[in-house]
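Numbering (the working numbering), first residue to last: 92 to 1091.
Using N, Cα and C, we set each Cβ at its ideal position, and we do this for glycine too.
Taking it in order: structure first as structure tokens, then the write-up.
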């Protein structure tokens, strides 16, 4: 459904739901209108926009304890130019503003910089992100969100997209005692789309409360708020983990396919790509969130006020994951049998609409089972003093110490996975002519006697960040129309991002096939789990989805390791303690990546505000900010001494030892800003702003040393990365123009244009290099002999069998299990005769040339008199010169997150009813510049969501509330260079929250 149609639906739904309420209201006598609820919230947001200097938008709570949306990020997407990224459960978590991604938007809590502690999901390792995760904070205790879109001298740096200030209620700012409690039941329909083994509770609780009061003749104020919520949800994803291999026509694996008839419409010019894998992943998630805030205020006089506050947030996320996967790679040669030939689309970017991997009936089909558990704790303690020294001079001092830490919440680490493989897969075809990728593997059935565990990983990720900040500012009124602002700031930020992966590639198996036959494995229908995505009912789709039991699988793996050993350790039986440790998380991060960075920043600003008392009233603010930052980065990396080809496709680096390296950097900037506005009439305002801001590089971009991935490919090589703390931040010169027409009370239209000239983009470059002592085992004399015998490079298993049969016992070749002549297991190391150095693709970072972001914003809000009806909306169009060129194979700097967006909200409200419908739409955007296979783009396709809320007030104190989310039950699809190159198709479900709030 397109945005216009859905927007119309919102308006119709809103009107239909409120007809009866409108008729009842019409029959009553006219009374004085008291603005509350939705209209009060919108009026306050209009005042925030109209009265501020520069461009400011905001969301204001409808009442204490009642924010317009259940999630802060989803509230902000109602603001023009703001788009959100959703997490696996479909909940808004991070924001993009005017095309600038989440890492470059500064988030403040009551004017203070907040720490972030993001980790990469699943087996992604340590995270370099600076983005704030709004899913950690409940909206219940928030009084307002302010989004500053223009640079200001008085605002902290880091938000080249926007500076976002989250405000909480202060007791001395309230004119009355406030006490309320709310309860909700959360029903998530996505749970019903999961296998029984992964399902959580369909209905989960939420409770929140706030108490605020003043004492001693309003000289003392106390506020306490808290919330607890638990949510179960489901997330189903059809995707490729290892991306799409792209090559120029006439190169790559298509040149050696035999027979050539296995390929139809083979590309002869341009580029082509083929997939590495196809996966169906089902995840049952459980989130438990606890938030609290305590505020103590003391005002010994009307000119002096002290505020002491503490904010805490605990967010636990646990998940059970089951994934079925088929490997494709470049396995094009061999007998097709009844399978279709791999067929490419026409160029210039040829993509297989049908891709067949040719296997001999003994290939492994993956049935991964995983557990995920993380815990995020945020604690922030602050002290503020505000002193009005005289009628002209005011002083403010603010200090806070805040810490956010995300760590594993399970003895298995952040993410644990066991791969149960089924060894009876024959030719397998992937079809990409539907929205859902279609995997067909005729004849493959589950046979417990053909299964064994072939890999495991127990990954621990850590993110730990502290912010210690002191700020002081002074305001001096020179006269009725002039004032000066000045301030100093000192910030010390310490960030640690670490990961340790207890990974074992036991591709030869942990015990013989059939030794896991007693592990429970359920079978269900695959297509039913993706019933919102076109193609789920395609008859070609493999019918079954298999779910092993994780605990039983691990217990059997521990027993097998004691009895048979493991293929990666030479099949030597392990002791009970060693086997238990083999399938557990590592005790610390001494053998993984450990990035430690300290940023010390000193800032100062001065700003002059002047109001011109002329025929056309005008205001101007001119400011200058000084920012100096010193960066110290110490990074632990792992050095390796050897390589081993121990499975069909995988090569492992061996002999890892950890070392620390450190680097430092420093930068200083002077950042000017100017804001001007004029009231052309009582209801017409125009604005112009210019400002310069900076956005700091990610933590991973500043690490020292070279970090190599421990896993490589026999036909590709290895990967790694390195960084530089001397990187400059991005520098953005921003120009904004806007015009606003307030044509009636609470109604306005506005149009704005913005231009950002961004320089010093941090771009990635990939350099091919070799590392002393690390050779490619799939090379040299024995490899060449296998090819000379008639084998093609894509037949890894056949080549390994050839080498084992002909060269076992030679240097670098050792058989560990020859019980199955068609699948000999063993190790081929980089010490084989004639082995060539392994080529590593090392990703590094450097400041590059910049480009621009430009766009238009349209806003409107209209109230239909005192009828209770209203509508608001916005549309943002954004463009950038930094685009990803799909026909180019080189490293690129396409700007992530650039997209158009639109919102439409309709509502009705009277003394009893409060009804709101909201539709949000985001256009296609570049989500990533790599896809797991190299420098390939990932595009998120257009996506829209329809939400609604209904409130019913009973008496003065009790309100019943229903929040209905994702009513259109949409899905999110991502693709690569062409729409056929599916990267991900994610389906969640509708959510319904039913509850009540009582105000005492």
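- prompt: How many angstroms separate the CA atom of residue 707 from the CA atom of residue 713?
  reply: Residue mapping note: residue 707 aligns to position 616 of the chain shown, counting from 1. Residue mapping note: residue 713 aligns to position 622 of the chain shown, counting from 1. If I take the Cα positions, the gap works out to 19 Å.
- prompt: Looking only at its own chain, which residues have a Cβ that is under 6 Å from the Cβ of residue 550, when we skip the five neighbours before and after it?
  reply: Your numbering for residue 550 matches position 459 in the chain shown. Excluding positions up to five away in sequence, the list reads 214, 504, 505, 506 and 592.
- prompt: With residue 562 and residue 489 assumed to form a contact (beta carbons below 8 Å), what rounded beta-carbon distance in angstroms separates them?
  reply: Along the chain shown, read from residue 1 onward, the residue named residue 562 stands at position 471. Along the chain shown, read from residue 1 onward, the residue named residue 489 stands at position 398. Yes, residue 562 and residue 489 are in contact; Cβ-Cβ is about 5 Å, under 8 Å.
field: Residues near residue 532 in its chain [Cβ-Cβ closer than 8 Å; skip 5 each side]
entry: Here residue 532 refers to the residue found at position 441 of the chain shown. Closer than 8 Å at the Cβ level, and outside the excluded window around residue 532, lie 417, 456, 516, 517, 518, 519, 520 and 633.
- prompt: Bridge partners of residue 149, per DSSP?
  reply: Translated into the one-based positions of the chain shown, residue 149 becomes position 58. Beta-bridge pairing links residue 149 to 237.
- request: Can you give me the Cβ contacts of residue 1093 inside the same chain, cut-off strictly under 7 Å, excluding the 5 residues immediately before and after it?
  value: Here the chain has residues from 92 to 1091 only, and residue 1093 is not among them.
query: Going by beta carbon distance, what residues of the same chain come within less than 8 Å of residue 1023, once the five residues before and after it are set aside?
result: In the chain shown, the residue the question calls residue 1023 occupies position 932. So the list reads 331, 332, 333, 334 and 367, once near-sequence residues are dropped.
task: Measure the Cβ-Cβ separation of residue 696 and residue 716 and say whether it is below 8 Å.
output: Position 605 of the chain shown, counted from the start, is the residue given in the question as residue 696. Position 625 of the chain shown, counted from the start, is the residue given in the question as residue 716. Going by C-beta atoms, residue 696 is nearer than 8 Å to residue 716.
- prompt: Where do the ends of the alpha helix (DSSP H) carrying residue 1093 lie?
  reply: Here the chain covers residues 92 to 1091 and nothing more, so residue 1093 does not appear.
- prompt: Do the CB positions of residue 844 and residue 947 come within less than 8 Å of each other?
  reply: For the purposes of this step, residue 844 is taken as the residue at position 753 of the chain shown. For the purposes of this step, residue 947 is taken as the residue at position 856 of the chain shown. Yes, the pair counts as a contact, with Cβ atoms nearer than the cut-off.
- request: Below 8 Å on the Cβ atoms is my guess for residue 1061 versus residue 243; work out the distance and round it to an integer in Å.
  value: Locating residue 1061 in the chain shown gives position 970, where the first residue counts as 1. Locating residue 243 in the chain shown gives position 152, where the first residue counts as 1. With a Cβ gap of about 37 Å, residue 1061 and residue 243 do not count as contacting.
Whole-angstrom distance between residue 1048 and residue 186, CA atom to CA atom: Your numbering for residue 186 matches position 95 in the chain shown. Your numbering for residue 1048 matches position 957 in the chain shown. Cα to Cα, the separation comes out at about 35 Å.
DSSP state of residue 168 mapped onto helix, strand, coil: Counted from its first residue, the chain shown places residue 168 at position 77. In this structure, residue 168 counts as coil in the three-state DSSP scheme.
message: If we require 4 or more residues per run, which alpha helix (DSSP H) segments fall completely within the stretch 312-398?
response: Not a single unbroken stretch of the alpha helix (DSSP H) spanning 4 or more residues falls wholly within the stretch 312-398.
- prompt: Leaving out the 5 sequence neighbours to the left and right, which residues in its chain are closer than 6 Å to residue 847 when beta-carbon positions are compared?
  reply: Reading the chain shown from its first residue, position 756 is the one you call residue 847. The residues are 823, 825 and 944.
message: Which same chain residues end up closer than 8 Å to residue 655 when comparing Cβ atoms and leaving out the 5 residues on each side of it in sequence?
response: Walking along the chain shown from the start, residue 655 turns up at place 564. The residues are 601, 602, 603, 606, 662 and 664.
query: Contact between the stretch 968-982 and the stretch 852-862: three or more CB pairs below 8 Å?
result: yes
query: Relative to the C-alpha of residue 874, which residue among 910, 842 and 924 is closest?
result: Locating residue 874 in the chain shown gives position 783, counting from the first residue. Comparing Cα positions, the closest option is 924.
field: Counted within 10 angstroms of its Cβ, other Cβ atoms place residue 805 as buried (16 or more) or exposed
entry: On the chain shown, residue 805 is found 714 positions in, with the first residue counted as 1. By the 10 Å Cβ count, residue 805 comes out buried.
task: Please name the residue in 799, 772 and 245 whose C-alpha comes closest to that of residue 742.
output: Walking along the chain shown from the start, residue 742 turns up at place 651. Among 799, 772 and 245, the Cα nearest to that of residue 742 belongs to 799.
Sheet register partners of residue 834 (DSSP bridge): In the chain shown, residue 834 corresponds to position 743, counting from 1. Looking at the DSSP output, residue 834 shares a beta bridge with no other residue.
message: Assuming the contact rule is C-beta atoms closer than 8 Å, residue 144 and residue 774 should be a hit. Round their C-beta distance to whole Å, please.
response: Numbered from 1 along the chain shown, position 53 holds the residue referred to as residue 144. Numbered from 1 along the chain shown, position 683 holds the residue referred to as residue 774. Contact doesn't hold; Cβ gap of about 18 Å is too wide.
- prompt: Can you tell which of 255, 148 and 1028 has the C-alpha that lies nearest to the C-alpha of residue 193?
  reply: Position 102 of the chain shown, counting from 1, holds the residue named residue 193. For residue 193, the nearest C-alpha among the options comes from 255.
- request: Report the rounded CA-to-CA distance for residue 392 versus residue 269, giving the unit in angstroms.
  value: Taking the first residue of the chain shown as position 1, residue 392 is located at position 301. Taking the first residue of the chain shown as position 1, residue 269 is located at position 178. Cα-Cα distance, rounded: 23 Å.
message: What does DSSP give as the partner residue(s) for residue 569 in the beta ladder?
response: By one-based count along the chain shown, residue 569 stands at place 478. Answer by DSSP bridge pairing: none, since residue 569 is not bridged.
message: Comparing C-alpha positions only, which one of 581, 491, 398 and 687 sits nearest to residue 218?
response: Within the chain shown, residue 218 is the residue found at index 127, counting from 1. Among 581, 491, 398 and 687, the Cα nearest to that of residue 218 is on 687.
message: Classify residue 690: buried if its beta carbon has 16 or more other beta carbons within 10 angstroms, exposed otherwise.
response: Along the chain shown, one-based indexing puts residue 690 at 599. Buried, since its Cβ has 16 or more Cβ neighbours within 10 Å.
- request: Pair every Cβ in the stretch 287-306 with every Cβ in the stretch 426-435, then say whether three or more of these pairs are closer than 8 Å.
  value: no
message: Between the alpha carbons of residue 165 and residue 893, how many angstroms are there, rounded?
response: As a position in the chain shown, residue 165 is number 74, starting the count at 1. As a position in the chain shown, residue 893 is number 802, starting the count at 1. For the pair residue 165 and residue 893, the Cα-to-Cα distance works out to about 58 Å.
field: Residues of its chain near residue 819, where Cβ-Cβ distance is below 7 Å and the 5 sequence neighbours each way are ignored
entry: In the chain shown, the residue the question calls residue 819 occupies position 728. These residues qualify, in order along the chain: 758, 851 and 938.
- request: Can you give me the start and stop residues for the alpha helix (DSSP H) that residue 872 sits inside?
  value: Counted from its first residue, the chain shown places residue 872 at position 781. Start and end: 871-879.
field: Close beta carbons around residue 869, own chain, < 8 Å, minus the five adjacent residues each side
entry: The residue labelled residue 869 in the question sits at position 778 within the chain shown. So the qualifying residues of the chain are 736, 742, 805, 806, 887, 890 and 919.
field: Length of the line joining the Cα atoms of residue 901 and residue 917
entry: Taking the chain shown and counting its residues from 1, the one referred to as residue 901 is at position 810. Taking the chain shown and counting its residues from 1, the one referred to as residue 917 is at position 826. Going from the Cα of residue 901 to the Cα of residue 917 covers about 13 Å.
- prompt: What residue from 761, 772 and 1075 has the CA that sits closest to residue 247's CA?
  reply: Walking along the chain shown from the start, residue 247 turns up at place 156. Residue 761 holds the alpha-carbon nearest to the alpha-carbon of residue 247 among 761, 772 and 1075.
- prompt: Which same chain residues, not among the five before or five after residue 1083, have their C-beta less than 6 Å away from its C-beta?
  reply: As a working mapping, residue 1083 is identified with position 992 in the chain shown. Same-chain partners within the cutoff: 278 and 1055.
query: According to DSSP, is residue 1085 helix, strand or coil?
result: As a working mapping, residue 1085 is identified with position 994 in the chain shown. Residue state, collapsed to three classes: strand.
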